[in-house]
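Notes follow once the structure below has been shown.
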Amino acid sequence: MRQFASVMILVALFLLLVGSKFKASDGDKLAAVSRLTVAKLRNALPPSVNVSAPVDALRKELPTRADEAVRARLAADKRFVGVEFTVTAEGNVVTLRGVVPNAGVKRLAVGVARNTVGVDEVVDELAAPVD
1 MRQFASVMIL VALFLLLVGS KFKASDGDKL AAVSRLTVAK LRNALPPSVN VSAPVDALRK
61 ELPTRADEAV RARLAADKRF VGVEFTVTAE GNVVTLRGVV PNAGVKRLAV GVARNTVGVD
121 EVVDELAAPV D
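Okay, here's the thing in structure tokens:
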């Protein structure tokens, strides 16, 4: 983020100087202004540890395995309230087991699992009553 802001400021300064008939001798002035800008940005922004700590904490809480990711998505989806799923995985192949109230919920659950990042294949072993 800090680097992006610095680059944007430098690009703006460059465009300003080019528009004002920039001379080759102005390169030193541009370098001095860019160093000053970078120094001010570094002093204004919090240290990287303070910025990255919440992101690292969040990253640790996110599921990393395919079965954990599917289990988290199914638990968070309001359409599956009261439905118990057993989710297992071997590599990126996820198996769904459990009893669902109808075929529509079964299709939704398989769709959620298929559209989860890190899942290559879904084995559907969900039981639904026959309509």
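So the sequence shown is numbered by UniProt numbering: it starts at 1 and just counts up by one. Note that beta-carbon positions come from the ideal geometry of N, C-alpha and C, so glycine has one too.
Classify D67 as helix, strand or coil using the three-state DSSP reduction.
Residue numbering aside, residue 67 sits at position 67 when the sequence shown is read from its first letter. Of the three classes helix, strand and coil, the one that applies to D67 here is helix, per DSSP.
Strand pairing of D124, partner residues [DSSP]:
Taking the first residue of the sequence shown as 1, we reach residue 124 at position 124. DSSP lists L96 as partners of D124.
Would you kindly check if the distance between the Cβ of V112 and the Cβ of R73 is under 7 angstroms?
For the purposes of this step, residue 73 is taken as residue 73 along the sequence shown, with counting starting at 1. For the purposes of this step, residue 112 is taken as residue 112 along the sequence shown, with counting starting at 1. Against a cut-off of 7 angstroms, the Cβ pair of V112 and R73 comes out as a contact.
If you count every other CB in all the chains shown that lies within 10 Å of the CB of E86, and 16 or more means buried, which is it?
By one-based count along the sequence shown, residue 86 stands at place 86. One point to set straight first is that residue 86 is Thr, not Glu, in the sequence displayed. Exposed, because fewer than 16 other Cβ atoms sit within 10 Å of the Cβ of T86.
Name the two residues that bound the continuous beta strand (DSSP E) containing T88.
As a position in the sequence shown, residue 88 is number 88, starting the count at 1. Note, T88: beta strand (DSSP E), 85-90.
How far does the alpha helix (DSSP H) with T116 in it extend, from its first residue to its last?
The residue you call residue 116 lines up with position 116 of the sequence shown. Careful: T116 lies outside any alpha helix (DSSP H) and carries neither H nor E.
Throw me the rounded Cβ distance for the A89 and R65 pair, which I believe falls under 8 angstroms.
The residue you call residue 89 lines up with position 89 of the sequence shown. The residue you call residue 65 lines up with position 65 of the sequence shown. Confirmed, Cβ separation roughly 6 angstroms.
Figure out for me which residue from R107, V105, V93 has the closest Cα to the Cα of V117.
For the purposes of this step, residue 117 is identified with residue 117 of the sequence shown, where counting begins at 1. With distances taken between Cα atoms, V117 lies closest to V93.
Taking just the CA atoms, how far does K106 sit from F14?
For the purposes of this step, residue 14 is taken as residue 14 along the sequence shown, with counting starting at 1. For the purposes of this step, residue 106 is taken as residue 106 along the sequence shown, with counting starting at 1. About 59 angstroms.
Return helix, strand or coil for N43, following the three-state DSSP convention.
In the sequence shown, the residue the question calls residue 43 occupies position 43. The answer is helix: DSSP assigns N43 an H, G or I state.
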